[in-house]
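Q: Chains as they are written, first to last, in my numbering: chain G, 1 to 761; chain Z, 1001 to 1173. Below: one structure in structure tokens.
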């Protein structure tokens, strides 16, 4: 029996449950110093004075540095560059020199004996800033624009001119982000005698970050050793290259001592990539039968003060993916990336799709009302069918053509509706109420369809090695962010080699990292190919040792045996020893060892898809929205470990509910961030997250990889904004859209009053 | 060592081991446990008492170690996540978290484990722990990965198993 598809317990669990995880701040080095970043208190201004004298003289302080101490001209480049956009003028400096552009921008670093004295000394840095006017509203026509782009195809003008119905809505998505529970942490340990530098705490794209750091430091990249650590959640934000990723290693080299930096939560909330804040004006043209003729989207992204490593990838993905699972003959998505005096933005789990799915699916619900068609029927009418797959959209995203590779979207929608009905989601929306309090609580049902993307290439490398003890070692390009990647790679390896014990998983020197739901798809496929190659090599060597024909041998349970003669057998350990450098079983020129390296290349992404449904209860008196039930139906191609897929989906829903109802980085009129602790930045607790029903489908194996897998990381969060918006609109009986997410009590209350005024007219 | 530091001697028991340590009055119990005594299983997620990742058991009660000063633990008995397993053998609560996929990144997990450990050690009530009660308990802390259901299920299952173990006649699940 294959171990692929089984609910194996996670390899990561025992160490994490025992408190033996190795997170960033759990690792220390002898003689280590601590760093504290001094940040701008102003949203925009000219630095008149930055006086470090007192701070530098404080007890226990080893160094205080400002921009003038750094090599000149350093800026963090864009990792996900989009052809045709030049963002070089908007890149973030490592430390601000003349001008500060958001509250939290790094100005100086204090290094000392312990974090407490560093914090004391940081308070002694005197900062005098001549304030300048702030830009906070990206919709304002005067706000500076970093980039404009357009994605689309077909004759949109004619489609709208010939339409029987045109429906338009506006939907703003609030500024929020991944906010993993572990703040960032970095430890840099220099070895001046050997010229090496060890780094603990880089994750997500460690090889890319190492190479960038090497370039900025003027070092050979192989002298920088990036050690794998546990990470307390990634969600897109952790592991990008931030100013601190240069500052801490640079300080360690300059001071010749280990330097550690452990971010606090307030810093995290104003320093780490924000995301999501976009304004969408979407319009759809329909014929008399409710079929979509054309679709347009005007998207304004509030990018914050600088373009970081993601460049304009988020709004570009929004525009490219906005047509979703539907047959859209003509489409135009226009993007304006606007700079504001806020924390810079990057990606957050399902970047561009959370936003775009919300805009499109909310538009469809409003259109269903206008056209007098049931929302499910309107979607059925417009979904691409299985016969139309693969479907090439004349659009590219992240530099690859958008080809919806496989699937049966109408079947999945039907399965979702059936499951929601079976679970009683729709029956309970019409409960008769008696008391005034109950009448004030209105129930609503919402549904949304979506297409995800996963398995962004272009390549991944894996090494699989069997050591002389028989243990199997896997070096894969995926990094652990808490998603269970070790377990997944172990199951893929075990499938080929028939063993479920792994010696180790460690960094892959050519690894492209864990992001874009790519680890299982691209990294897993590379591991599969390398493990399969090891299997073939083991059989080849066993045939020589046993003097048997390869076709008479079989590998199962970590043992090669002769078919029909169970007594003649060799373990993987036997074969690994027989592959030693002095072995007589090796032929001239053959490398020693039982191992294989394989590189897996993908030309296109694979597109999983799904539907979400929710039952909500809205208290029109207080504006509180309670999510009573939530359903995710998701096509994943093939689940390596269904328990982990379900876990990804459930966790994604919880985060999505935060962005739909609770979480928002708000600013006052001076550009001061108002959500700088978990008191103001309200992440969902168990009281806000309902039990999530999950139906994982494996009906459409991905054609582009040997395992048939699609990514699972982002399908849980993709459509939560859309689904909650649709359910709240249904509960309130709104004729138009909800206008804005998150649906905080104040906004919902205002919508309820608007709706009752319209109703009484 | 900075001579201006205001150091105080603290003697406490952590997971049955006696420790003596000199700390500043302002040093938190969390930092003292992690950096002075090496119990790095206690994690800091916010340092302002909201997330609960640093929950430890102080003289029998769950506390947020970021809101307690080290000096306040003088003479106290502290239990951290490192106390739960017996060698390589996970406790029933830890095993239940794994069985119910109650963790992903594992950063918040020690806080949830210690919260539940303290709660489950409270004198038994007449009724078994309900899903709703467990949800209320779990709502004390933040998790960003799991969506909480696995944590709730793990705690309910442990409560049920312990109850059945104490009194085989007690009602089942």
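The C-beta atom is built at its ideal place from N, Cα and C for all residues, glycine as well.
How far does the beta strand (DSSP E) with residue 449/G in it reach, from first residue to last?
A: Looking at the DSSP string, the run of the beta strand (DSSP E) that includes residue 449/G is 441-451.
Q: Establish whether the CB of residue 679/G and some CB of chain Z are separated by less than 8 Å.
A: It does; some Cβ of chain Z falls within 8 Å.
Q: Considering only their Cβ atoms, is the gap separating residue 416/G from residue 720/G smaller than 8 Å?
A: Not closer than 8 Å, so no.
Q: Roughly how many angstroms separate the alpha carbons of residue 604/G and residue 1028/Z, rounded to a whole number?
A: Spanning the two alpha carbons is a distance of roughly 51 Å.
Q: Below 8 Å between beta carbons: does that hold for residue 597/G and residue 708/G?
A: Not closer than 8 Å, so no.
Q: List, in chain order, every chain Z residue whose beta-carbon is nearer than 7 Å to that of residue 232/G.
A: 1105 and 1107, listed in chain order.
Q: Which chain Z residues are close to residue 643/G, counting only those with a beta carbon under 8 Å from its beta carbon?
A: The answer, in chain order, is 1101.
Q: Could you give the DSSP three-state label for residue 162/G: helix, strand or coil?
A: Three-state DSSP puts residue 162/G in coil, outside helix and strand.
Q: Alpha carbon to alpha carbon, how far is residue 1156/Z from residue 1104/Z? Give it in angstroms, no decimals.
A: Spanning the two alpha carbons is a distance of roughly 19 Å.
Q: For residue 1098/Z, return the contacting residues in chain G, with the cut-off set at a CB-CB distance below 8 Å.
A: Those within 8 Å of residue 1098/Z in chain G are 9, 10, 13, 14 and 17.
Q: If you run the structure through DSSP and keep just helix, strand and coil, what is residue 14/G?
A: Three-state DSSP puts residue 14/G in a helix.
Q: Let me confirm a value: residue 88/G is counted as buried when at least 16 other C-beta atoms fall within 10 Å, else exposed. Which label applies?
A: That one is exposed.
Q: Going by DSSP in three states, residue 327/G sits in which element: helix, strand or coil?
A: It is coil, neither helix nor strand.
Q: Excluding the 5 residues flanking residue 214/G on each side, which residues of the same chain have their C-beta closer than 7 Å to its C-beta?
A: Answer for residue 214/G: 220, 221 and 224, listed in chain order.
Q: With 7 Å as the limit, tell me which residues of the segment 684-701 of chain G have their beta carbon closer than that to any beta carbon of chain Z; keep them in chain order.
A: Cβ contacts with chain Z come from 685, 686, 687, 689, 691 and 692.
Q: Do you know how far the Cα of residue 1098/Z is from the Cα of residue 1151/Z?
A: One C-alpha to the other measures close to 9 Å.
Q: Decide if residue 453/G is buried, meaning its Cβ has at least 16 other Cβ atoms within 10 Å, or exposed.
A: Per the 10 Å Cβ criterion, buried.
Q: Taking residue 255/G as part of the beta strand (DSSP E), name the residues at either end of that continuous run.
A: Taken as a continuous stretch (DSSP letters only), residue 255/G belongs to no beta strand (DSSP E), being part of the alpha helix (DSSP H) at 243-255.
Q: Strictly under 8 Å for the Cβ-Cβ distance: is residue 654/G near chain Z by that measure?
A: For residue 654/G, the answer is yes, since a Cβ of chain Z falls inside 8 Å of its Cβ.
Q: So which residues of chain Z does residue 181/G contact, with C-beta pairs closer than 9 Å?
A: The answer, in chain order, is 1043, 1045, 1046, 1051, 1053, 1105, 1107, 1108, 1142, 1143, 1144 and 1145.
Q: Under 8 Å between the Cβ atoms of residue 1094/Z and residue 1113/Z?
A: For residue 1094/Z and residue 1113/Z, yes; Cβs fall inside 8 Å.
Q: Of the residues 145/G, 284/G and 561/G, which one's Cα is nearest the Cα of residue 542/G?
A: Looking at the Cα atoms, 561/G is the closest of the given residues.
Q: Is it buried or exposed, residue 418/G, if we count other Cβ atoms within 10 angstroms and call 16 or more buried?
A: Its Cβ having fewer than 16 others within 10 Å, residue 418/G is exposed.
Q: Could you give the distance in angstroms between the alpha-carbon of residue 482/G and the alpha-carbon of residue 490/G?
A: Near 15 Å, if we compare the C-alpha coordinates of residue 490/G and residue 482/G.
Q: Can you give me the Cβ contacts of residue 288/G inside the same chain, cut-off strictly under 7 Å, excluding the 5 residues immediately before and after it?
A: So the list reads 164, once near-sequence residues are dropped.
Q: Interface residues of chain Z around residue 650/G at Cβ under 7 Å?
A: Those within 7 Å of residue 650/G in chain Z are 1146, 1147 and 1149.
Q: Check the Cβ-Cβ distances between residue 246/G and every residue of chain Z, and say whether any is below 8 Å.
A: Not an interface residue.
Q: Can you tell me whether residue 44/G is helix, strand or coil according to DSSP?
A: Coil at residue 44/G, not helix or strand.
Q: Between residue 501/G and chain Z, is the shortest Cβ-Cβ distance under 8 Å, so that the two count as touching?
A: Model confidence at residue 501/G stands at a pLDDT of 49, short of 50, so the residue's coordinates are unreliable; what they give is reported in the following sentence. Not an interface residue.
Q: Beta-carbon of residue 1135/Z versus every beta-carbon of chain G: anything under 8 Å?
A: It does; some Cβ of chain G falls within 8 Å.
Q: The alpha helix (DSSP H) spanning residue 539/G covers which residue range?
A: Counting along the chain, the alpha helix (DSSP H) containing residue 539/G begins and ends at 524-546.
Q: Less than 8 Å between the C-beta atoms of residue 57/G and residue 75/G, yes or no?
A: Contact: no.
Q: Taking 8 Å as the threshold (beta carbon to beta carbon), is residue 1085/Z in contact with chain G?
A: Judged by the 8 Å Cβ criterion, residue 1085/Z is in contact with chain G.
Q: Distance cutoff 8 Å, beta carbons only. Does residue 504/G sit that close to anything in chain Z?
A: In this prediction, residue 504/G has a pLDDT of 47, which is less than 50 and means its spatial position is unreliable; what the coordinates show is noted afterwards. Judged by the 8 Å Cβ criterion, residue 504/G is not in contact with chain Z.
Q: Could you pull the start and end residues of the beta strand (DSSP E) that residue 680/G belongs to?
A: Note, residue 680/G: premise wrong, no beta strand (DSSP E); not H, not E.
Q: Hey, residue 444/G and residue 616/G are a contact pair by Cβ (cut 8 Å); roughly how many whole angstroms apart?
A: Between residue 616/G and residue 444/G the Cβ distance is about 5 Å, and since that is below 8 Å, they are a contact.
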